[in-house]
Every structure is written in C-alpha cells, then in structure tokens.
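> Before we start, here is the structure in question, set down as structure tokens.
Number of protein chains: 2
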Amino acid sequence: MTVAAPARRTRVPRWDPLTVGVDIGGTKILAGVVDSHGSVVEVQRRPTTGHDVALVEDTIVDLVQGFQQQYDVAAVGVGAAGFVDASRSTVMFSPHLAWRDEPLRDRLTARMSIPVVVDNDANTTALGESRFGAGVGHRFVLCITLGTGIGGAIVLDGRVYRGANGMAGEFGHMQVVPDGHRCPCGNRGCWEQYASGNALEREARELVVARSPMAHALRELCGDDPDQLSGPQVTAAAQAGDPISVELIADVGRWLGTGVAGLVAAFDPSAVIIGGGVSDAGELLLAPTRDSMVRHLVGRGYRAEPPVVPAVLGPQAGFIGAADMARSAARRSRRADRRRDRRGRWFGVRDEL
Amino acid sequence: MTVAAPARRTRVPRWDPLTVGVDIGGTKILAGVVDSHGSVVEVQRRPTTGHDVALVEDTIVDLVQGFQQQYDVAAVGVGAAGFVDASRSTVMFSPHLAWRDEPLRDRLTARMSIPVVVDNDANTTALGESRFGAGVGHRFVLCITLGTGIGGAIVLDGRVYRGANGMAGEFGHMQVVPDGHRCPCGNRGCWEQYASGNALEREARELVVARSPMAHALRELCGDDPDQLSGPQVTAAAQAGDPISVELIADVGRWLGTGVAGLVAAFDPSAVIIGGGVSDAGELLLAPTRDSMVRHLVGRGYRAEPPVVPAVLGPQAGFIGAADMARSAARRSRRADRRRDRRGRWFGVRDEL
Numbered sequence: 029m030t031v032a033a034p035a036r037r038t039r040v041p042r043w044d045p046l047t048v049g050v051d052i053g054g055t056k057i058l059a060g061v062v063d064s065h066g067s068v069v070e071v072q073r074r075p076t077t078g079h080d081v082a083l084v085e086d087t088i089v090d091l092v093q094g095f096q097q098q099y100d101v102a103a104v105g106v107g108a109a110g111f112v113d114a115s116r117s118t119v120m121f122s123p124h125l126a127w128r129d130e131p132l133r134d135r136l137t138a139r140m141s142i143p144v145v146v147d148n149d150a151n152t153t154a155l156g157e158s159r160f161g162a163g164v165g166h167r168f169v170l171c172i173t174l175g176t177g178i179g180g181a182i183v184l185d186g187r188v189y190r191g192a193n194g195m196a197g198e199f200g201h202m203q204v205v206p207d208g209h210r211c212p213c214g215n216r217g218c219w220e221q222y223a224s225g226n227a228l229e230r231e232a233r234e235l236v237v238a239r240s241p242m243a244h245a246l247r248e249l250c251g252d253d254p255d256q257l258s259g260p261q262v263t264a265a266a267q268a269g270d271p272i273s274v275e276l277i278a279d280v281g282r283w284l285g286t287g288v289a290g291l292v293a294a295f296d297p298s299a300v301i302i303g304g305g306v307s308d309a310g311e312l313l314l315a316p317t318r319d320s321m322v323r324h325l326v327g328r329g330y331r332a333e334p335p336v337v338p339a340v341l342g343p344q345a346g347f348i349g350a351a352d353m354a355r356s357a358a359r360r361s362r363r364a365d366r367r368r369d370r371r372g373r374w375f376g377v378r379d380e381l
Numbered sequence: 029m030t031v032a033a034p035a036r037r038t039r040v041p042r043w044d045p046l047t048v049g050v051d052i053g054g055t056k057i058l059a060g061v062v063d064s065h066g067s068v069v070e071v072q073r074r075p076t077t078g079h080d081v082a083l084v085e086d087t088i089v090d091l092v093q094g095f096q097q098q099y100d101v102a103a104v105g106v107g108a109a110g111f112v113d114a115s116r117s118t119v120m121f122s123p124h125l126a127w128r129d130e131p132l133r134d135r136l137t138a139r140m141s142i143p144v145v146v147d148n149d150a151n152t153t154a155l156g157e158s159r160f161g162a163g164v165g166h167r168f169v170l171c172i173t174l175g176t177g178i179g180g181a182i183v184l185d186g187r188v189y190r191g192a193n194g195m196a197g198e199f200g201h202m203q204v205v206p207d208g209h210r211c212p213c214g215n216r217g218c219w220e221q222y223a224s225g226n227a228l229e230r231e232a233r234e235l236v237v238a239r240s241p242m243a244h245a246l247r248e249l250c251g252d253d254p255d256q257l258s259g260p261q262v263t264a265a266a267q268a269g270d271p272i273s274v275e276l277i278a279d280v281g282r283w284l285g286t287g288v289a290g291l292v293a294a295f296d297p298s299a300v301i302i303g304g305g306v307s308d309a310g311e312l313l314l315a316p317t318r319d320s321m322v323r324h325l326v327g328r329g330y331r332a333e334p335p336v337v338p339a340v341l342g343p344q345a346g347f348i349g350a351a352d353m354a355r356s357a358a359r360r361s362r363r364a365d366r367r368r369d370r371r372g373r374w375f376g377v378r379d380e381l
C-alpha cells in the first residue's frame with residue numbers, strides 16, 4: 029500500500045473577475061466596471077427617470093448589457109438609497125425613490141442571468157471608501173456621510189457590519205439633545221438635526237429671517253429670501269471668507285465631533301471617514317470636528333485618537349463599493365458551484381447572493 | 029503508481045478541556061473551573077488582599093494550583109477591572125485596584141507554566157452572559173452593566189469586539205446631555221451620569237437634602253443623613269412599594285432606554301443584556317427602559333426591536349467568560365503546537381495568548 033503524502037493546500041491564483049457597480053441616487057444613476065483593486069475601468073451616468081422602478085430596472089439592464097459587450101462581467105452590485113432587507117434582495121422602503129418592497133435582486137437576476145446583490149447606498153459607499161479610498165490600511169472604519177441628514181456605516185475587517193436586521197449604522201438618529209429639534213423620524217434631538225446639511229441650512233436661514241446684520245453676505249446670496257438659501261451657498265461663502273458662514277460650518281463641525289467622540293467611545297474605530305456634500309467644506313468643517321472630538325473623548329491623553337479624514341473617492345465610492353460586494357458574491361457563488369460539481373450535491377451558500 | 033483518494037476533512041471530536049476563570053474585583057476574587065458548556069464545576073472565593081499586585085498574583089496562583097490537584101486545567105483566563113491593552117497581556121490602568129502597567133499575563137505564565145489570558149472584566153462578563161447566559165441564541169449582543177457607572181461590551185458572533193485599541197464598549201461616556209452633569213472622566217453629560225447606580229444615589233440624596241416630604245421613606249432609611257443613603261437601599265424601598273423610589277428607578281430606566289435606542293440605531297443588535305447591581309431592581313428598571321427605548325428608536329413600527337433582557341449568570345458571569353476566553357486561547361495554542369510538530373517550524377499564533 030502506498031501512503032499518500034499529507035495533503036497540502038496549494039496557492040491557486042485568485043479568480044479575479046471584473047464586476048459592475050450601480051449607484052441609484054434620487055436624480056442620477058452612476059454605473060461602472062471595476063476591477064479587484066477598486067480601479068474604475070469604465071463609467072456611465074444616466075438620469076433617474078422618475079420613480080418608476082421598472083424604468084430604473086430598464087436603465088440598469090441596459091447599462092450592464094452595454095458593459096457586457098466589451099467586458100466579461102461576473103456579477104452586478106446595486107446600491108440604492110433606502111432600507112434594504114437583511115438578505116439584501118429587497119428595497120423595503122426608499123423615501124427618495126418612493127419605492128416599497130421592491131424585490132430588485134430577483135427581478136434583475138431574472139432579466140440578466142448574472143448574480144446580483146443589492147444593498148443600501150450608505151453601505152456600498154462605506155465599503156468603497158474603506159477598501160479603496162480613505163480607509164485603506166484601517167481595520168475598523170466608521171463612515172459618516174453628511175448630506176441632508178447623516179448616513180452611516182460600519183466596516184469591520186473589510187466587510188460591512190449590518191447587524192441583526194441589516195439596519196446598523198443609523199448614527200444620525202442617536203439622540204444628542206434631550207427634547208431638541210424635531211426630526212422627520214418622529215423623535216427629537218437626533219444627531220442629524222445638529223450635524224448635517226439640513227442643520228446648516230436651518231441655522232443660516234434663521235439668521236436671514238432675523239435680518240441679522242452679521243449675515244449680510246448670506247442675505248445677499250439669497251436676495252433676502254431665506255427659502256432660497258442652500259447649504260452649498262453657505263459653504264461657498266465660508267470658503268470666500270464670510271465670518272458668519274465660517275462659524276455656521278464650525279458649529280456643524282462641533283456637533284459632529286461631539287457625536288464622533290461618542291461613537292469612538294463605543295466602537296474604538298481605527299479611522300473615521302467623513303463624506304457627503306457638507307464635507308466639501310474641508311478643513312473648515314473637519315478642524316472643528318477634530319477639536320470637539322478630542323475635547324469630548326473619554327480617556328483622552330491615555331489613548332490613540334482615530335484619524336478623522338475626508339472621503340476621497342467622491343461620487344464614485346458608491347458604485348465602487350457595490351462592485352466589490354458583487355465580486356465577493358460572485359466568488360462565493362463560484363465556490364458553491366464547484367463544491368456542487370465535485371460532490372454532486374448542493375451546499376447552498378448561493379442564497380447569500 | 030497508486031493514486032491516493034482525494035483528502036477529505038474528517039470530523040475529529042473537538043478537544044474539550046476544562047479551564048479556570050478568575051474575576052478580580054475590588055473586594056473579592058472569584059475563581060472557578062468551567063467546562064466548554066459554561067457549566068461551573070467548582071468555585072472558590074477569596075478577598076482581594078489590598079492593592080498589592082504581588083498578593084493578588086499569589087492568590088491566583090494558589091487558587092489555580094488548588095484546582096490543578098483535582099482537575100486537568102488547560103488554561104487560565106483572568107478578568108480585571110480596568111483598562112487592558114489590546115494584546116491582552118497588561119493591565120494598563122485599574123482605578124479600583126490602583127494598578128498601572130502590570131504585565132499580569134507574563135508574570136502568571138512564568139509562575140504557572142500554563143497559558144494565561146487577561147482581559148477587562150466588562151469583556152469577560154459580557155462574553156459569559158452572551159455565550160452561556162441571557163445572550164444564548166443571539167448573534168450580536170450588547171452588554172450593559174449598571175454599577176457605579178456603565179460598563180459595556182460588544183459581542184459579535186460569540187467573540188468580544190475590542191476595536192482598534194481594545195477600548196470599545198465605553199458606552200457610559202457617550203454624551204447624552206450637552207453641558208450636563210460633570211463626569212469623573214472630565215467631560216459633561218456622559219450617559220453614566222444619568223443611568224447608573226451613582227445617578228440613582230445622587231438623585232435620591234438630593235431629595236433627602238431638600239427634605240422633600242415625598243422622600244420620608246428614604247429619609248428614614250438614612251436617618252436624614254444623605255451620605256448614608258445607598259443605591260441598594262433605594263432599590264429595596266422601591267421593591268417595598270415606596271412611590272418616590274419607584275420613580276427614581278424608573279427615571280434611571282428612562283435614561284437607560286434613550287441611550288439604548290441610540291446604540292440600537294448604531295449597532296442593530298440581536299439582544300441587549302442589562303446586568304450589574306442596579307439591574308437587581310428587575311422590571312422596576314427594565315419596563316421603563318423598554319418603553320423609553322421603543323419611544324426613541326428610529327424606524328419603530330418598521331423594525332424588530334431587540335429584546336432588552338436581564339443578565340442571568342450573576343457574579344459568576346465574569347469568571348465563566350474568562351474561562352471561555354482561556355479555552356479559545358488553549359485551542360489556538362494547541363493548533364499552533366501541532367502545526368509546529370508536523371512541519372518542524374513555527375507558525376506563531378501563540379503570541380495571541
């Protein structure tokens with residue numbers, strides 16, 4: 029009898045496919061072909077044609093089929109604004125797209141016969157930034173997106189942490205002021221009522237309404253009509269040196285930093301990434317954020333403070349992350365197929381797709 | 029040439045050793061022999077003899093050697109009140125034990141020639157409760173220990189999540205009231221200033237100081253000397269039906285619930301476990317906690333709310349969790365040894381011990 033040498037694992041070069049990522053926003057759909065280093069091979073942009081989910085599906089299918097004529101696409105990842113269920117197949121509720129219970133994954137898979145994953149756009153964006161952007165080299169990353177509200181996500185060891193119901197990362201609705209400003213979520217004093225684009229606008233408009241002489245630059249910008257004043261205008265005014273606009277953005281930064289200090293106490297992350305429209309203010313926002321974080325951080329002086337850094341991938345982060353999720357899913361699917369082939373039965377990790 | 033059949037993994041019964049867990053508290057050291065189901069085979073209790081780390085070490089060595097005469101002990105896990113470094117070898121700072129930079133693991137290993145792990149007692153307690161107590165069946169568990177302050181820990185898939193510096197879970201120092209009560213950590217408005225044993229005592233004492241007629245039961249309990257009034261007395265009075273004591277505990281519960289709602293928004297846990305001395309109040313505390321959590325939870329009505337449950341293992345949770353950490357470490361160490369034996373070189377996971 030011949031005794032076989034003990035089996036050794038040999039290193040096979042990793043299967044390294046191209047995947048497509050799609051980011052469905054309220055106004056535009058951004059899609060790209062992405063490789064495993066997060067490099068964008070090609071990008072396409074289309075308007076979000078109304079709120080009809082069928083039209084959005086048509087657009088996605090059309091984009092993917094266009095890419096498939098040029099590239100060998102292994103899977104598609106879709107990030108959508110809204111709540112996505114834990115199995116990542118259904119957009120349960122999307123306020124911006126006016127969707128409810130849309131089984132996006134199954135419908136796209138049926139039309140394209142290619143694996144599809146669906147996730148919340150905050151998660152796809154966070155994954156893109158963590159793995160290929162500002163989070164490179166950090167194990168435990170908190171991503172905070174300052175838009176009209178606060179979008180958040182947690183990326184641990186290169187994977188999005190989703191929690192029990194797929195709803196982790198809703199940092200914006202942690203209460204920071206008891207009985208504070210009313211929030212559309214129904215509560216009062218939510219963090220995003222103090223640190224967000226909406227908060228910046230509200231505060232700026234109050235100064236215009238009060239006809240504050242301090243706010244003459246802001247009043248000029250909106251022709252004394254507070255409803256015309258927007259967050260980006262305040263940011264532009266601050267960057268041009270208007271002192272009250274600088275102060276308004278610093279105020280958002282201070283609220284942001286206080287909340288970040290709390291999240292750092294709870295999560296002890298390796299890095300905190302700040303993205304979204306409000307972060308266009310750059311250091312006008314981030315310097316007060318860091319000051320406030322350090323001032324409110326437990327154990328300060330005895331601990332390393334995590335870097336608080338701006339997102340670097342811009343609007344592409346969403347589809348880059350979605351493409352990366354699709355790549356993981358395609359790999360799992362392939363492993364499952366291979367196991368089934370060899371042993372003749374099904375081990376079933378495919379339902380993770 | 030004979031072709032060997034493809035190697036298959038065969039299921040070997042898992043190595044299933046007994047381990048010892050040690051919980052070093054400010055007043056007592058609790059140690060036990062624990063099996064892999066979390067069952068306590070034997071338990072011993074000793075006083076914490078002063079703050080001299082050498083005396084504590086003597087006690088631990090003595091306890092372990094006692095156990096070793098009867099049982100085959102594979103490893104020792106130690107939970108200590110204080111900050112433990114990320115490699116889990118050194119107690120960096122322990123206010124209760126008055127230790128600084130004590131390399132507890134190395135010193136114990138040197139004296140006992142058996143693998144030793146050291147961790148923060150909040151982590152060991154949380155692990156014990158999550159794996160063998162109130163958290164059984166739940167993947168993502170938040171543990172909140174209400175003592176003088178708030179101790180916290182995060183257990184994901186049966187493992188303690190420690191974060192970048194081993195400092196995750198400091199929930200008690202998230203700010204919940206801007207410019208609120210001063211906290212010994214140096215900040216203001218920390219959660220543990222509102223939801224803790226200290227908070228309960230402070231509020232009860234204020235009523236005694238104010239000679240509130242509402243507080244006649246409390247005034248009797250302490251002989252009109254507010255400094256003599258303790259949290260457990262308030263709890264006992266509440267359980268005996270004193271309305272103001274019931275209200276004081278409900279107040280702590282409401283603050284607890286508001287903060288839990290924020291943590292649920294951020295983590296989306298499968299369960300929240302409430303332990304510690306204040307939780308002896310049972311439903312007098314937990315019913316208002318749940319009410320307040322639901323009222324402040326984002327997406328309520330659209331999401332499953334996690335159960336908020338009392339800890340069930342009591343003071344044994346700490347050493348049961350420490351023993352479980354030791355078991356994982358012993359298994360890793362054994363795997364590393366076996367790999368080294370077979371291939372003749374060292375793969376070095378032992379430094380995780």
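Read top to bottom, the protein sequences are chains F and Z.
29 is the number of the first residue of the first sequence in our numbering; add one for each residue after it.
29 is the number of the first residue of the second sequence in our numbering; add one for each residue after it.
By construction, the Cβ of each residue, glycine as well, lies at the ideal position given by its N, Cα and C atoms.
Count the other C-beta atoms from every protein chain shown that fall within 10 angstroms of the C-beta of F/W43, then say buried if there are 16 or more, exposed otherwise.
By the neighbour-count rule (16 or more Cβ atoms within 10 Å), F/W43 is not buried but exposed.
> Less than 8 Å between CB atoms is the rule here; does Z/G197 satisfy it with respect to chain F?
Yes, Z/G197 counts as interfacial toward chain F.
> With a threshold of 8 Å between beta-carbons, can Z/M202 be considered close to chain F, or not?
Z/M202 counts as touching chain F.
> So, helix, strand or coil for Z/M120, using DSSP?
Z/M120: strand per DSSP, three-state reduction.
> For F/S117, collect the residues of the same chain with a Cβ closer than 7 Å to its Cβ; drop the 5 residues on either side in sequence, then sort them by chain order.
Within the same chain, F/S117 has close Cβ partners P131, R133, D134 and V146.
> When burial is assigned at 16 or more other CB atoms within 10 Å of the CB, is F/V112 buried or exposed?
So F/V112 counts as buried.
> Quickly, what does DSSP pair Z/A59 with across the bridge? List them, please.
Bridge partners of Z/A59: Z/V50 and Z/Q72.
> Between Z/L246 and Z/G281, is the Cβ-Cβ spacing less than 8 Å?
No, Cβ-Cβ distance for Z/L246 and Z/G281 is not below 8 Å.
> At the 8 Å Cβ level, is Z/V144 part of the contact set with chain F, yes or no?
It does not: the Cβ of Z/V144 has no partner Cβ on chain F nearer than 8 Å.
> Based on the DSSP output, what are the partners of F/Q203 in its beta bridges?
Note: F/Q203 sits in a beta bridge opposite F/C218.
> What are the boundary residues of the beta strand (DSSP E) that F/N148 is part of?
Residues V144 to N148.
> Kindly provide the ranges of any alpha helix (DSSP H) runs that are 4 or more residues long and lie completely inside the segment 230-273 of chain F, ordered along the chain.
For the segment 230-273 of chain F, whole alpha helix (DSSP H) runs of length 4 or above, ordered along the chain, are 244-249 and 259-267.
> Measuring only the C-alpha atoms, how far is Z/E70 from Z/D365?
Taking the straight line joining both Cα atoms gives about 29 Å.
> Going straight from the alpha carbon of Z/G175 to that of Z/V300, what length do you get?
The alpha-carbon atoms of Z/G175 and Z/V300 are separated by roughly 16 Å.
> Rank Z/D63, Z/F160 and Z/P297 by C-alpha distance to the C-alpha of Z/D100 and give the top, closest one.
Here the closest residue by C-alpha is Z/D63.
> Would you verify that the beta carbon of F/Q295 is, or is not, closer than 8 Å to some beta carbon of chain Z?
A small fix is needed here, since residue 295 of chain F is Phe in this sequence, not Gln. Chain Z, which has a Cβ nearer than 8 Å to the Cβ of F/F295, makes this yes.
> For the ligand GDP, is there a heavy atom less than 7 Å away from the beta-carbon of F/S141?
Because no ligand of any kind appears in the structure shown, any question about the ligand GDP cannot be addressed here.
> Please report the residue range of the alpha helix (DSSP H) in which F/G81 lies.
Going by the sequence as given, residue 81 of chain F is Val instead of Gly. Note, F/V81: alpha helix (DSSP H), V81 to Q98.
> When you compare only the Cα positions, how much space is there between Z/T153 and Z/N215?
Roughly 26 Å between the two C-alpha positions.
> Find the residues of chain F that neighbour Z/V326, judging by a C-beta separation of less than 9 Å, and give them in chain order.
Near Z/V326 (Cβ distances below 9 Å), the residues of chain F are M195, E198, G200, H201, M202, C211, C213, G214, N215 and C218.
> Just to confirm, is the Cβ distance from F/A162 to F/P271 under 8 Å?
Not in contact: F/A162 and F/P271 (Cβ atoms no closer than 8 Å).
> Output the distance between the C-alpha atoms of Z/R323 and Z/L46, rounded to the nearest integer angstrom.
When rounded, the distance between both Cα atoms is 45 Å.
> With a threshold of 8 Å between beta-carbons, can F/S141 be considered close to chain Z, or not?
No - not a single Cβ of chain Z is within 8 Å of the one on F/S141.
> Give every residue of the same chain whose Cβ lies closer than 6 Å to the Cβ of F/Q93, excluding the five residues on either side of it in the sequence, and list them in chain order.
Within the same chain, F/Q93 has no close Cβ partners at all.
> Since F/H201 contacts Z/A293 with CB under 8 Å, what's their CB separation in whole angstroms?
Yes, they are in contact, since the Cβ atoms of F/H201 and Z/A293 sit about 5 Å apart, within 8 Å.
> Determine the direct distance from the alpha carbon of F/H166 to that of F/D90, and round the result to whole angstroms.
Rounded to the nearest angstrom, the two C-alpha atoms are 36 Å apart.
> For F/G53, which of F/P260, F/N148, F/S361 and F/S273 has the nearest alpha-carbon?
The candidate whose alpha carbon is nearest that of F/G53 is F/N148.
> Under the three-state reduction of DSSP, which class applies to F/G303: helix, strand or coil?
Here F/G303 sits in strand by DSSP.
> Using the rule of at least 16 other Cβ atoms within 10 Å of the residue's Cβ for burial, across every protein chain shown, is Z/P335 buried or exposed?
Exposed.
> Closer than 8 Å by beta-carbon distance: list the chain Z residues that pair up with F/T152, in chain order.
Within 8 Å Cβ-Cβ: nothing; F/T152 doesn't reach chain Z, min ~17 Å.
> Applying the criterion that 16 or more other CB atoms from any shown protein chain within 10 Å of the CB defines a buried residue, is Z/R233 buried or exposed?
By the 10 Å Cβ count, Z/R233 comes out buried.
> Taking only beta-carbon atoms, is F/A332 less than 8 Å away from chain Z?
Closer than 8 Å: yes.
> On the DSSP bridge assignment, give the partners of F/H163 in chain order.
Note that residue 163 of chain F corresponds to Gly in the displayed sequence, not to His. DSSP lists no partner for F/G163.
> Might you give, ordered along the chain, the residues of its own chain that have their beta carbon closer than 7 Å to the beta carbon of F/V81, omitting 5 neighbours on each side?
Excluding positions up to five away in sequence, the list reads W127 and E130.
> Among residues of its own chain, excluding the 5 on either side of F/H209, which ones have a beta-carbon nearer than 6 Å to its beta-carbon?
Excluding sequence neighbours, F/H209 sits near Q221.
> Does F/D365 have its Cβ less than 8 Å from a Cβ in chain Z?
No, its Cβ sits nowhere closer than 8 Å to a Cβ of chain Z.
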